[in-house]
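K.L.:
Per the working numbering, residue 5 is the first one in the sequence shown, and the count goes up by one each step. No residue lacks a Cβ here, since even glycine has one placed at the ideal position from N, Cα and C.
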Amino acid sequence: MRILILEDNAERRTAMLEHIADSLPMFGVSFFETSDSIISALKTVDAQEIALISLDNDLDPIAVNGQLVDAGDGVAVARFLVDRPNHGSGDTPHTAPVIIHTTNESAAYEMQELFKAANRQFHRVVPYDAEVWIGEVWIKKVRSIIISSVTDRKKMAVTR
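Encoded structure:
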């Protein structure tokens, strides 16, 4: 199973990877620096292989062939997840829980409203103090969500 993370900040990515390696070493991690790249992955990955999706919003432009290109934002990914839930490989909808981890309050609110309207599981973690929040709050939320999700999946498998 994999954790998909939309995050363009190298320090945050390093801290997230270190904490996941410590707490959840059995999970693979894929980082994406653009909304288009994570959406492309979501279109092709088996939805059952995704344990969790974590979304930043404000992504810095990236250099492509010497030109700065808009990297998109987390809101675009949230829209994709609620508008086109069946775009994984196969017919299984993308129902993995989502963590919104952006300091942009208006974007976080927009993502929350999208997920609420779609009756989709989401959680909000507000970044603070450089990368400190990752070890103090984010990884604990990741662990509790994944443990809860695995328990729910086992219950569903037993009832089938």
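Closest to Asp59 by C-alpha separation, out of Trp142, Ser148, Lys120, would be which residue?
P.N.:
The count along the sequence shown starts at 1 and reaches residue 59 at position 55. Here the sequence assigns Leu to residue 59, which means Asp is not the residue at that position. When each option's Cα is compared against that of Leu59, the closest is Trp142.
K.L.:
May I ask you to list the residues that DSSP assigns as paired with Ile54?
P.N.:
As a working mapping, residue 54 is identified with position 50 in the sequence shown. Paired residue(s): Arg6.
K.L.:
If we count the other Cβ atoms within 10 Å of its Cβ and call it buried at 16 or more, is Thr106 buried or exposed?
P.N.:
Stepping through the sequence shown from its first residue, residue 106 is reached at position 102. Buried.
K.L.:
What is the DSSP secondary structure of Phe126, reduced to helix, strand or coil?
P.N.:
Position 122 of the sequence shown, counting from 1, holds the residue named residue 126. Three-state result, Phe126: strand.
K.L.:
Give the single residue among Ser110, Tyr132, Val102, Glu135 whose Cα lies nearest to the Cα of Val146.
P.N.:
Counted from its first residue, the sequence shown places residue 146 at position 142. The residue with the shortest Cα to Cα distance from Val146 is Val102.
K.L.:
By a C-beta neighbour count over all protein chains shown, 10 Å radius and 16 as the cutoff for buried, is Glu140 buried or exposed?
P.N.:
The count along the sequence shown starts at 1 and reaches residue 140 at position 136. Glu140 comes out exposed.
K.L.:
Among Asn123, Met115, Asn69, Asp77, which one has its Cα closest to the Cα of Val129?
P.N.:
If you number the sequence shown from 1, residue 129 lands on position 125. Of Asn123, Met115, Asn69, Asp77, the residue nearest in Cα terms is Met115.
K.L.:
Can at least three beta-carbon pairs, one atom from the segment 9-19 and one from the segment 41-59, be found at a separation below 8 Å?
P.N.:
Touching, yes, given that three or more Cβ pairs across the two stretches are closer than 8 Å.
K.L.:
For a quick check, are the C-beta atoms of Ile43 and Val81 less than 8 Å apart?
P.N.:
As a first step, residue 43 must be located in the sequence shown, where it is residue number 39. As a first step, residue 81 must be located in the sequence shown, where it is residue number 77. Yes, the pair counts as a contact, with Cβ atoms nearer than the cut-off.
K.L.:
Residues in its own chain within less than 8 Å of Pro65 by CB, not counting five upstream and five downstream?
P.N.:
Here residue 65 refers to the residue found at position 61 when the sequence shown is read from its first residue. Leu72, Val73, Asp74, Ala75.
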